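In full-length UniProt numbering, the protein residues as written are 1 to 188.
Structure, rendered in structure tokens:
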């Protein structure tokens, strides 16, 4: 049975530290603020055009920038809550050391992707330092979302890897919990 993606993931191990709980709350609040800000900017554009018969020159660029930030923070939240793509087809057939190995391989591949995104995003941000959009918004603000969201995702991925590593029964070499892609809470 597939886990409910809306269910909150239990935060065991390092993910239950105060710093990561505060970070999770900040990320959730930031997503909510970004959604509300996009709503307000788009509504302002609609009202200005159809009520006041004036077209705003900045609302599309601002809403796109906010959407980019929401997307990359959302990627980090997806990694944090383990609702990202996982190879569950293989995980469901594995157990013990093979499940742990498959989980680490998935995390390693995702880590490479996040590092590549962070690096590429950093380079884009550097290119946009001296550039402005047509409405005068510094271009680096949009590009900064890529390394910021990727770094947050990488932080959450490292926390999950740490939790997976300490969740191994050292005597038998088997994992006590589920693989990385699973969000079910296990019985304590």
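We treat Cβ as the ideally placed atom computed from N, Cα and C, and that holds for glycine. Model, not experiment: these values are computed from the prediction.
DSSP, read as helix, strand or coil, puts residue 147 in helix. Of all alpha-carbon atoms in 135, 127, 103, the one lying nearest the alpha-carbon of residue 59 is that of 135. Taking all protein chains in view, the Cβ of residue 71 is surrounded by fewer than 16 other Cβ atoms within 10 Å, so the residue is classified as exposed.
Taking a C-beta distance under 8 Å as the contact criterion, residue 125 and residue 144 qualify as a contact pair. Residue 132 carries a strand assignment under DSSP once its states are collapsed to helix, strand and coil. Residue 92 is classed as exposed because its beta carbon has fewer than 16 other beta carbons within 10 Å across all chains shown.
About 4 Å separates the beta carbons of residue 114 and residue 154, which is inside the 8 Å limit, making them a contact pair. In this structure residue 106 is buried. Its beta-carbon is surrounded by 16 or more other beta-carbon atoms within 10 angstroms. Excluding sequence positions up to five before and after residue 133, its CB lies within less than 7 Å of the CB of 61, 139, all in the same chain and listed in chain order.
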